[in-house]
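Undergrad: Mind looking over this structure? Questions follow.
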Amino acid sequence: MLALVTGASRGIGRAIALELAKNGFDVAVNYNRSSEQAEALCAEIKAMGVKAMAFQADVGDPEQVKRLFSEIKDSLGTVSVLVNNAGITRDTILMRMKPEDWQAVITTNLNAAFYCTQAAVRDMAKARWGRIISIASVVGLTGNAGQANYAASKAGIIGFTKSVAREYAARGITANAIAPGFIDTEMTEILKPEMKESILKTVPLGKMGSPDDVAKAVVFFASEASSYITGQVLAVDGGMTMC
Ligand code: NAP
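Below is the structure:
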């Protein structure tokens with residue numbers, strides 16, 4: 001069975017690709033700029049005895065997404081598990097946020113999930129089986145000062161996921177979102193130490209999460225173990241958000 005992970009060259013996407021491979025999935029590794037890292041990841045995955053191939057595409061561009069899906073189909077087959085993971089931040093307070101900061105984040109984090117999901121569901125519906133797993137964020141649930149664009153994109157992912165879940169449940173397709181909290185990747189590496197310390201104070205488990213923590217939740221949603229679960233948001237956040 002084939003899984004496509006968008007933005008898999010590093011961080012959480014990389015861990016997801018490896019964990020899916022460990023669980024027997026062939027993996028289409030999407031990246032935008034980090035080709036060397038994507039190729040190295042594919043070599044690592046192939047050594048595990050499953051298929052892997054790297055595909056360059058900016059998933060925020062609908063034409064590139066069309067090309068991506070056609071290249072994947074020609075070389076690896078149809079996608080049964082889609083992981084919408086690619087994401088960026090352009091953090092700044094509202095008064096300083098430029099339209100480009102807003103657009104870039106919405107394009108990569110939200111529009112891309114629409115383009116990829118639309119491209120993936122056709123074959124999933126034909127097969128009467130599919131899994132769509134989108135990486136949201138706790139800030140899509142709570143909001144965050146300095147991240148109006150990012151929080152809006154992640155809240156959008158949640159509404160999108162619930163709508164797709166309702167629309168495609170009868171076709172055997174589940175759609176779920178994962179809301180990671182504070183995870184140790186390049187995205188959070190850039191934060192100032194005092195900012196990191198103050199975020200950590202809000203994490204009951206008292207530490208940052210690892211990309212593997214998120215990857216394990218993705219594998220659960222990709223597996224039969226979650227077949228009666230759809231339209232849900234699972235927080236992988238050390239207890240940051242409880243309701
Ligand atoms: P990261 O280390 O910055 O990695 C981002 C990945 O996305 C890279 O592989 C990058 O590939 C890819 N990417 C970016 N723009 C892309 C595009 N237009 N098309 C295709 N790929 C693109 O980030 P991360 O921390 O692993 O985050 C992964 C996901 O988790 C994101 O959706 C993020 O919002 C979410 N998340 C992260 C945290 C956290 O604490 N780290 C918390 C909550 C949610 P290239 O290098 O090739 O561009």
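Residue 1 is where the sequence shown starts when you use the numbering used here, and the numbers rise one by one after that. Every residue gets a Cβ at the ideal spot worked out from N, C-alpha and C, and that includes glycine.
Just the Cα atoms here: how many angstroms apart are Y168 and K66?
TA: Reading the sequence shown from its first residue, position 168 is the one you call residue 168. Reading the sequence shown from its first residue, position 66 is the one you call residue 66. When rounded, the distance between both Cα atoms is 21 Å.
Undergrad: Helix, strand or coil: which one does DSSP assign to D289?
TA: An answer regarding residue 289 cannot be provided, because it is not within the stretch 1 to 243 covered by the chain.
Undergrad: Going by CA-CA distance only, name the one from R10, K51, A165, A145 that's closest to L94.
TA: On the sequence shown, residue 94 is found 94 positions in, with the first residue counted as 1. Among R10, K51, A165, A145, the Cα nearest to that of L94 is on A145.
Undergrad: Pop quiz: V5 and N30 are said to be a contact at Cβ under 8 Å. What is the actual Cβ separation, rounded to whole angstroms?
TA: The residue given as residue 5 occupies position 5 in the sequence shown. The residue given as residue 30 occupies position 30 in the sequence shown. So it is a contact: roughly 7 Å between Cβ atoms.
Undergrad: Within 10 Å of its beta-carbon, does P211 have 16 or more other beta-carbons around it, so buried, or fewer, so exposed?
TA: Taking the first residue of the sequence shown as 1, we reach residue 211 at position 211. So P211 ends up on the buried side.
Undergrad: Return the chain-ordered ranges of every alpha helix (DSSP H) run that is complete within the segment 144-214 and spans a minimum of 4 residues.
TA: 148-168, 186-189, 193-200
Undergrad: Using only alpha-carbon positions, find the residue among P62, F69, E44, F114 that is nearest to A3.
TA: Position 3 of the sequence shown, counting from 1, holds the residue named residue 3. Here the closest residue by C-alpha is F69.
Undergrad: Are the beta-carbon atoms of V105 and T117 separated by less than 8 Å?
TA: Within the sequence shown, the letter at position 105 stands for residue 105. Within the sequence shown, the letter at position 117 stands for residue 117. For V105 and T117, no; Cβs fall outside 8 Å.
Undergrad: Roughly how many angstroms lie between the CA atoms of Q37 and A15, to the nearest whole one?
TA: As a working mapping, residue 37 is identified with position 37 in the sequence shown. As a working mapping, residue 15 is identified with position 15 in the sequence shown. Going from the Cα of Q37 to the Cα of A15 covers about 13 Å.
Undergrad: Is any heavy atom in ligand 1 found nearer than 7 Å to the beta carbon of N109?
TA: What you label residue 109 is simply residue 109 of the sequence shown in a count that begins at 1. Yes.
Undergrad: Shortest alpha-carbon distance to P62 belongs to which of Y115, L110, M53, V27?
TA: The residue you call residue 62 lines up with position 62 of the sequence shown. It is Y115.
Undergrad: Where in the segment 82-124 do unbroken runs of the alpha helix (DSSP H), each at least 4 residues long, occur, reported from the N-terminal end onward?
TA: Residue ranges of uninterrupted alpha helix (DSSP H) with 4 or more members, entirely inside the segment 82-124 and ordered along the chain, are 99-106.
Undergrad: Could you give the residue range of the alpha helix (DSSP H) that holds R245?
TA: Outside the modelled stretch of the chain, which goes from 1 to 243, sits residue 245, for which no answer is possible.
Undergrad: According to the neighbour-count rule (16 or more other Cβ atoms, all chains shown, within 10 Å of its Cβ), is D237 buried or exposed?
TA: Stepping through the sequence shown from its first residue, residue 237 is reached at position 237. In this structure D237 is buried. Its beta-carbon is surrounded by 16 or more other beta-carbon atoms within 10 angstroms.
Undergrad: What do you reckon, are the CB atoms on F221 and R128 nearer than 8 Å?
TA: Position 221 of the sequence shown, counting from 1, holds the residue named residue 221. Position 128 of the sequence shown, counting from 1, holds the residue named residue 128. The answer is no: Cβ separation not under 8 Å.
Undergrad: For ligand 1, is there a heavy atom less than 7 Å away from the beta-carbon of V59?
TA: Locating residue 59 in the sequence shown gives position 59, where the first residue counts as 1. Because some heavy atom of ligand 1 lies under 7 Å away, the Cβ of V59 counts as near it: yes.
Undergrad: Can you tell me whether A28 is helix, strand or coil according to DSSP?
TA: Walking along the sequence shown from the start, residue 28 turns up at place 28. Residue state, collapsed to three classes: strand.
Undergrad: Could you spell out where the alpha helix (DSSP H) holding A43 opens and where it closes?
TA: Stepping through the sequence shown from its first residue, residue 43 is reached at position 43. That run of the alpha helix (DSSP H) goes 35-46.
Undergrad: So, V214 versus M240, is the Cβ gap smaller than 8 Å?
TA: As a working mapping, residue 214 is identified with position 214 in the sequence shown. As a working mapping, residue 240 is identified with position 240 in the sequence shown. Result no, Cβ atoms of V214 and M240 do not sit closer than 8 Å.
Undergrad: Can the beta-carbon of I199 be found less than 8 Å from the beta-carbon of I12?
TA: As a working note, residue 199 is residue 199 in the sequence shown. As a working note, residue 12 is residue 12 in the sequence shown. No.
Undergrad: So for V233, helix, strand or coil by DSSP?
TA: The residue you call residue 233 lines up with position 233 of the sequence shown. V233: strand per DSSP, three-state reduction.
Undergrad: So what does DSSP say about A3, is it helix, strand or coil?
TA: As a working note, residue 3 is residue 3 in the sequence shown. Three-state result, A3: strand.
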